[in-house]
Structures are given as structure tokens and as C-alpha cells.
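For reference, the structure is listed below as C-alpha cells.
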Amino acid sequence: MPDSQKPVFDLPCMLIFVNSRIILPLNMYRLLSQATSLALVILLSQVSMNAQRTCAMETHMQDLLSDPAYKAAHDLRQSLFQVSQLTTDRSALCADPVVLPIAIHFQGVSNPDAACLLAQAQNQVQILNDDYQGMNADISNWNNSASSYFPGTSNGETCLEFCLATSNHPSGYGLVEGEPAVTINQTSGDFDANWAGYVNVFVRNINFLGYSPLGGAGNGDGVVVDNNAFGSGTGCSGTAPGAPYDLGRTLTHELGHYLNLNHVWGGGCGSDDGVGDTPDSDSPYYGCPSNGSASCGSTDMHMSYMDYTDDACMYMFSNGQSVRMENYVAANFSSLVNNAQNVCGPGLPDHCTNGVQDEDETGVDCGGADCAPCPVPCTNDLTLSIITDRWGGETTWEIQDDNGSVVISGGPYDTELLSGEYPQPDEYICLPDGCYDFVINDSYGDGMCCEYGQGSYTLVDDLGNILASGGTFASTETTNFCLTGTSDPCEVFASAPVDLTKSLQPVPYPNGVIDRVQVKFYKDSPQVKYTAQDNAALDIEFWPIRDLSTNTPIVDGPVSSINNRVKPGQDFFKWPVKFNRPDVDPNIRYRWRVRVSCQEGSQAVSPWSEEKIFNTPDFDPETGIYTPPAGA
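Under our numbering, the first residue of the sequence shown is numbered 660, with each subsequent residue one higher.
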């Protein structure tokens, strides 16, 4: 874009426009939105370092409403919502939960553990359903204590159910029928029109907790959550929730915005949040304030999910907040409700998710009549490195297979304030053998280089061979490449003598407190060569025993299995291997053993290692008390 047409950044002008909320021409809007985003990142990075919750809803909406087309659509949605407020009979609406389909999109994850990320997504969706329906374990804090400060106010039990979609997925994202709608490094940004009809959740590193539009559209937009505030528990490599935002409440909060809830304090005293049973408050609360805290002449409802307290100290919606969300869904989300019937199909049979190859499966939990097809082995690891110039918002890319189907895509990226080079997070891509086209696009038609920065792109295989590169082009550039697989054959160990260490700690679970065991296996050799293409898998079996003396009969409990794909560290799968198991009984002695396989068990499989034994802390070695776990 020539200088005479691309806008020139002017800071005083930006401040005037932001504060006065002037509707701008498209070019100036593009500039304003990026300038505002930079100021927002600076502000919220400071907040994050101070360990205080904040979200970017207000500034995000200010950006969106600067676009006249978006503002018109937003105003229409709000008008429909106001009509729904007056005409909807809540008892009729709540005869059965209204189902909304959800898709989770992880972005920028290096060496992703797909099984772990899937479990994390399912964990977060369960948290949403518990929180919105008032089934969360800590709602007892409201029932037993906090409610006494709000006479006549009840907590909300929102008549919504969130379904992680499993059927009729959009094409081009590597998902097969029956698998949950969880994509990994297949999307970028906070909008993807292919996912219209879903509540989309985009998970990536944003340096603050999250943001959402105030009243979503369901047209491919969604909620953005930081990768360190998604889900609960230990998380996964690169997406591990951190205290005090480690109970999954960031998405509960941001999704409240998406369903048209404002912050509970509104605009301060005398400026309401639009909900009748949430008292006025002068400002947000942080941390874990005491019940009875007050401002504006009334007690503040800081335990609402729509305040800024820590995850452990927000645990309810008010009834009025629930009604407001239900009415917004009734007024604006008919397309999502209808789509739920199409994409929230029946779940897979149990034998398709138990971590072993059984029934008529042709692989572990895949193939056969009931399970999803087994994936084509991924034999080629690629890395895409992109450096945008100032106008990253014009850059998109995709990889097409030899049938012209899009396998993976990315962009657009952020547009920056100044000319220069802006490296983007590397994209890690795994593809089967075959021929492909790498296509990179610039929506304005002036490429990535060189007037506004030395932008470039490079696609390499795992040996460093360049498959596609460039930066100087007009509207689009296409490079064809073929992959044949270059890694060494997978080899399993002939024997795996292991030492074993363990630690136990109580962990909270929805149905009470149980024990978690952390087991580490060490192999004599410090590393075994398993590249990512080998699809090496590690199987661990463990079972409870009692074999204390010759006059005590051996009692063996049922065998449990863990089957995990090996996570290579660069070129090697490195020992020690650490596993967490959340359902260990504290009164039992256990045996463990381990083995490794290639291509997740479809090729060479090692023999089982020698068995190792350990006692849990409450096990009595004198009496050998053995109480089978519940359900064993």
C-alpha cells in the first residue's frame, strides 16, 4: 500500500478519537484499533504482573463498535434482546436446558499433546456447565454464608447446557466424525467464519486473562482466553492454568460477556449493569474480599462470576444474570441452538475411549464399526516461521493437499503501529506423506516486503530442508512441495529396567477429596531415540496387591492402564517419564510396569519392564489392609 493511501499514525489524534468514540473511515479504523490494542496490551500486562484479574471486554467492544457495520448488527441484537426481555416466559424457556455447541481452538502450542489438550477442553466445558447451572461444588459458599447478605436474592441456575461438538465438523481442520471439536494450531485470531453456529473459544498466549464481545454474534466470533487461565488441574505443556486463575472461571466470566452480561459493578454508583438483583458497586474487587463488603450504600456481590475476584472466590450468577443470558440466547442464538441438533451427536461407545485396542478396533480407540477412523500416520514434522511487516492484518496462509482441500491455515496477524519486522509464533505442522501447496496471501496486494518492514516466511521440514520461502510477492504466492518421510525407523527397547519414585498429595475433585500419585520411571540409558514421526507410545499398567508375607494370600485387584503418546523433546524421547494418576487409593500397595511401542502399537512393541512395587502413605504393612477402591 503506498504512503498516500495507508494511514499515518498520530498519537494525539488517536486519543481524541478513542475518548470521543468517533466512528472512523475504514483506513483510520484499522489504525485506531491497532493503536488501542497496543495500549491495552501495555495496560493489561501491568495488571497481570500485579496478579489482579482483568478482562478486555470494554476496549474490545470499543474497537468493534468503531466499525459502522458491526455497530448496526450489534444494535439489532440488543434490540431483539430487549424484546425478548419483555416477552419470554422463563418457565417455558427452561422446560429443558437449551443446548449450545462449543468448539475449542488451541493456538500457538509447541509440540502439542493432543490427548492432554482434549482432556483439558472437556474439563473446561464441564466447569462451564457446573458454573452456569449452579452445580459447582463451591456454590455452598453462597448457600451457607454469602446469601445471608442479600435477602430475597437467589443464585442463578441458568437453563443452558454447553456441548463440545462431536459431529459434522467443518472441513479442513483435521477432525473426523465422532471426535470432539478441538483444534490445535489450526486457527488464529478471534474469528473464523467456518465455525459459525458455534460458541468458539480461542486459547492462546495473550498476556492477560481474556476478552469477549458484549453480546456475541455466533457467526464465527467467540471468546479468547489466555493459555495460562484455561481449565483446571495440572493442564498440559504450554497450556497450564496458574493460580489464582486455575479453576476455569476465566472462561465462565468471558462467556458471561458473550451472553450479554456486563461487569457486576456496571459503570460505578448510579450506573447499573442492567440486572435488577445485582446491587450497585463503585468498582471491581480483586483477590478474595470478605463477605459484607459494601459501596454505593449497599452490600457488593463480589462473589459473582462477573466481578474480578480470584477463581476460588467467584462462585455464582444471580438469578437476574441467568435470566438475562437466557433471554439473549432466545433472541439471538437460534442458529446455534439449531446447529446443536446437527453437531452434538451421541458420544462414542465406551470401548472407543478406554485407552486400549479392543472390540473390532484396528488401532487404540479407533477403527472398526463404532469408533472414529484411525488417523493417517503423521510422518513429517514441519515448522512455519512468519515475520510480518507492519501490516500483519493483511497476511493469511494455508496448506492444501493434492485434492485442493485445505489441511491447515493461519492468519491474519496483528497490524502494528510502526514499520518494521514482527516475528510471529512458529507454527508446528505434522503431515502425512504426499504432495501439497503452500499458499500465502496479502489482502492489499503488496506482499510482506519491503516498504513497511522486511517481512518473510519459511517452511522447513524436520531436517531443516526449506520447502517454501519468500516475502516479496503481490496478492498471493503458491509453492508446491512433496513429503516422503525421512526419519529413522522406530526401535523399541529390548528391556527396560526402571527405578520408581512416587509422591502423593490430596487433590479436590467434584465428588470429594481423593489422592493423586505422581510416578517417575527412570531408564538406565538417559534417552531413547523416538522422533515425532514414529508415533511412539508409552503404556503403563498398575494394579493393587496384597502380598506381605508367606502366610498372607496374594490378592490382586483389577488392572488399570495408561496409554500415552510419547512426547519427543526435539529429536529424542527423554527419560525420566512422569505420570500423574488422580484415582489412587491411599490404603493400597501397587505394582507398576511399563513398555514402549512404535506407531502407537501397530508396529514393534517392547516387552514389559520388570515390575515395581510401592506402598501408599496410609497402607498398613503390618496388617496388609486392602480395601478395593469404589467401583473396582
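All C-beta atoms, glycine included, are put in the ideal place defined by N, C-alpha and C.
Chain-order list of residues whose beta-carbon lies under 6 Å from that of residue i (same chain, five-residue window excluded)
| i | result |
| --- | --- |
| glycine 901 | Asn887 |
| phenylalanine 765 | Leu776, Ile843 and Val862 |
| valine 1065 | Gly831, Glu1057 and Gln1059 |
| leucine 724 | Lys730 |
| aspartate 1092 | Thr1038, Leu1142, Thr1143 and Gly1144 |
| aspartate 1096 | Gln1059, Thr1137 and Asn1139 |
| glycine 935 | Gly979 |
| arginine 870 | The amino acid occupying residue 870 in the given sequence is tyrosine; arginine does not appear at that position. Contacts found: Cys714, Ala715, Met716, His719 and Val883. |
| asparagine 864 | Asn886 |
| leucine 918 | Met984 and Tyr987 |
| glycine 879 | Phe850, Asp851, Ala852, Trp854 and Ala855 |
| aspartate 1121 | Asp1040 |
| asparagine 814 | Gly793, Trp801 and Met975 |
| aspartate 941 | Gly927, Cys928, Ser954 and Cys955 |
| asparagine 859 | Ala762 and Gly881 |
| histidine 912 | Tyr964 |
| isoleucine 786 | Gly907 |
N-terminal and C-terminal residue of the beta strand (DSSP E) that residue i is part of
| i | result |
| --- | --- |
| threonine 842 | 841-843 |
| alanine 778 | No beta strand (DSSP E) holds alanine 778; the alpha helix (DSSP H) holding it covers 773-791. |
| tyrosine 917 | Counting along the chain, tyrosine 917 falls outside any beta strand (DSSP E), though it belongs to the alpha helix (DSSP H) covering 908-917. |
| glutamate 838 | Taken as a continuous stretch (DSSP letters only), glutamate 838 belongs to no beta strand (DSSP E), as it is neither H nor E. |
| isoleucine 1067 | 1065-1069 |
Exposure label - residue i; buried when at least 16 CB within 10 Å
| i | result |
| --- | --- |
| isoleucine 1125 | exposed |
| proline 727 | exposed |
| threonine 937 | buried |
| proline 1266 | exposed |
| histidine 922 | buried |
| methionine 794 | exposed |
| serine 799 | exposed |
| tyrosine 1111 | buried |
| valine 742 | exposed |
| cysteine 1094 | exposed |
| serine 981 | buried |
| asparagine 991 | buried |
| glutamine 846 | It should be noted that the sequence gives threonine, not glutamine, for residue 846. Buried, by the Cβ-count rule. |
| glycine 1069 | buried |
| glycine 1027 | buried |
| glutamine 1083 | buried |
| valine 1002 | buried |
| threonine 1021 | exposed |
| glycine 907 | buried |
| asparagine 997 | exposed |
Strand pairing of residue i, partner residues [DSSP]
| i | result |
| --- | --- |
| methionine 975 | Ser963 |
| asparagine 859 | Ala762 and Gly881 |
| isoleucine 1125 | Val1119 |
| glutamate 1136 | Ile1099 |
| phenylalanine 821 | Leu759 |
| alanine 953 | Thr958 |
| isoleucine 1088 | Leu1041 |
| asparagine 887 | None, per the DSSP bridge assignment. |
| leucine 656 | What the structure shows of the chain is the stretch from 660 to 1291, and residue 656 is not part of that stretch, so it cannot be assessed. |
| threonine 898 | Cys895 |
| threonine 1074 | Trp1050 |
| glycine 1112 | Cys1109 |
| cysteine 1030 | The partner list for cysteine 1030 (beta bridge, DSSP) is empty, contrary to what the question assumes. |
| serine 930 | Gly927 |
Nonlocal neighbours in the same chain, by C-beta distance under 7 Å from residue i, ignoring five residues either side
| i | result |
| --- | --- |
| asparagine 950 | Ser804, Ala805 and Tyr808 |
| aspartate 931 | Gly925 and Asp939 |
| glutamate 1136 | Ile1099 and Gly1129 |
| glutamine 792 | Glu816 and Thr817 |
| alanine 698 | Caution applies to alanine 698, whose pLDDT of 35 falls short of 50 and renders its modelled position unreliable; the model cannot decide the point. |
| glutamine 1000 | none |
Boundaries of the alpha helix (DSSP H) in which residue i is found, first to last residue
| i | result |
| --- | --- |
| valine 996 | 993-1002 |
| serine 799 | 799-803 |
| methionine 1107 | Premise fails: methionine 1107 is in no alpha helix (DSSP H) and is neither H nor E. |
| glutamate 717 | 716-724 |
Sequence-distant residues of its chain with Cβ nearer than 8 Å to residue i (five each side left out)
| i | result |
| --- | --- |
| threonine 1209 | A caution first: threonine 1209 carries a pLDDT of 42, below 50, which makes its placement in the model unreliable, though a value can still be read off. Excluding positions up to five away in sequence, the list is empty. |
| leucine 739 | Ala990 and Asn991 |
Any C-beta of chain C under 8 Å from that of residue i
| i | result |
| --- | --- |
| phenylalanine 992 | Given the protein chain composition of this structure (a single chain), no chain C is represented. |
*Start-end ranges of the alpha helix (DSSP H) lying completely within the segment 1033-1062, minimum 4 residues*: none
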